[in-house]
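Take a look at the structure below.
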Amino acid sequence: MLNFDSDWRWLIDREDSPWYPTMRLFRQAKIGDWHNVFKQVKDNLKNLLDNNSPTNKISEKRVLIGIIFSENTQFTSEQINRSKAYDLIITGSTWNTKILETNGIKPVQKILQGIDQTIFHPAPKSNIFSDRFVVFSGGKLEYRKGQDIVIAAFKIFQKRYPKALLITAWHNFWPQFMVGIEQTGNVVGLPKISQNKRLQITQWLLENEIPSNAVIDVGPIPNYMVGQILREADVAVFTNRCEGGTNLVAMESLACGIPTIISANTGHLDIINNSHCYPLHNQNSVKPTPQFPGVDGWGESDVEEVVEMLEKVYFDREDAQLRSKTAVSIMQDLTWEKQIQRLLVVLQNVI
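Structure representation (structure tokens):
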């Protein structure tokens, strides 16, 4: 309720406000005339109650849209039936779309994730690691992410090239998902967890024959710092067994212009190409785990192929640079701004 000479932000002779779309304004027609203001409010409330709806009635159409990034490919009949309540389900990869459609879940629409160009872009190194050959591996430590394959490959690579340095960003707030890594034959045991809930990565790698001076574990870090760390790397490795989406960290590495080795399976297939990264094409079948009983399409990368790709980058920096430049160009079409616009177009077509 507004007095006769109200603040300019409430405008004049309008019953609504451009700043508060759901608000209705009742103003004095003359100074001190609250009687008519109260009457207007009373009449409008009565009209609202009588019609059981606002005077500016909102559409009753209800649209239910879901978003899913599913690594488990085994759906129960209950889950499939529940999906029928949705007008549309949005997925994060072509592979995920196919998995849902194979299970009779439709309609489905793919929208890839994006990168933040203000953080993930090429920039000069600080050269803090001098003449070391820096290998970056990121993503929470778990069976699905396949860091055990990185460890097995780096152990071989570091023995051949002692100046190699592994930077890990593997912190996992859900350590139960690490179970399974120790059963692959690539590593021994699992990292211990300190009193402050931090994974003891360096000690664990030492137990797996990687010297402590060949490892830097950055622990849990905020996303805005990841770009700075990535740009210190000579190569990044992602031997993931499965990604329901496209793997944001891999996309961020490509956007920074880092030569990137990526397993050719599941959601990764949307972002890999021989021209801009180093795909790991040798993909074997994967054993299910209690957390992931359905592993159709998952891939087990070959340790020797990972070593081969690391050596490709190590010995042919010119080719690595050319691929990286192409990757940066491709990632410019996958910014969050562009991907959200694509999402909005899909939503507008449904709504």
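Under the working numbering, think of the first position of the sequence shown as 56, with each following residue one higher.
Where is the CB? At the ideal position from N, CA and C, for every residue including glycine.
Residue environment: GLN338 is assigned as buried (16 or more neighbouring CB atoms within 10 Å of its CB, all protein chains considered). Per the C-alpha coordinates, the member of LEU119, LYS85 and LEU80 positioned closest to LEU100 is LEU80. Close CB contacts of VAL290 within its chain, under the 6 Å cut and outside five residues either way in sequence, are with VAL190, PRO314 and VAL368 (chain order). Collapsing the DSSP output to three states places SER72 in coil. In the displayed model, ASN339 falls within a strand according to three-state DSSP. The C-beta distance from ALA310 to VAL401 rounds to 23 Å, too long to fall under 8 Å, and the pair is not in contact. Taking the Cβ atoms as the reference, VAL341 lies roughly 5 Å from VAL350, within the contact range of under 8 Å. Setting aside the 5 residues that flank it on each side, ILE166 is surrounded in the same chain by ILE145, THR146, GLY147, GLN394, ARG397, LEU398 and VAL401, each with a C-beta closer than 8 Å to its C-beta; the list follows chain order. For PHE232, the secondary structure class from DSSP, reduced to helix, strand or coil, is helix. When THR173, GLN83, ILE222 and TRP229 are compared, the shortest CA-CA separation from VAL292 is found for ILE222.
Within the DSSP bridge table, the entry for VAL405 names no partner. Exposed is the label assigned to TRP229, since fewer than 16 other Cβ atoms lie within 10 Å of its Cβ.
In this structure the segment 250 to 262 touches the segment 272 to 279; the number of beta carbon pairs closer than 8 Å is three or more.
Within the DSSP secondary-structure output, SER318 pairs in a beta bridge with LEU335.
THR152 is positioned such that its CB atom lies no closer than 9 Å to that of TYR198. Three or more Cβ pairs closer than 8 Å define a contact, and the segment 191 to 210 meets that threshold against the segment 239 to 255. Annotation for VAL92: the continuous alpha helix (DSSP H) segment containing it runs 89 to 106. If you ignore the 5 residues before and after GLN95, its C-beta comes within less than 7 Å of the C-beta of PHE81, all in its own chain and listed in chain order. Nearest to ARG187 by alpha-carbon distance, out of TYR216, GLY121 and ARG296, is TYR216.
Straight-line measurement puts the Cα of ASN136 at about 14 Å from the Cα of THR157. Measuring C-alpha to C-alpha distances from ASP171 to each of VAL405, THR390 and GLU70 identifies THR390 as the nearest. By the Cβ-count criterion, ALA140 is exposed, with fewer than 16 other Cβ atoms from all chains shown falling within 10 Å of its own Cβ. Contact between HIS331 and ILE284 is ruled out by a C-beta separation of about 21 Å, above the 8 Å threshold.
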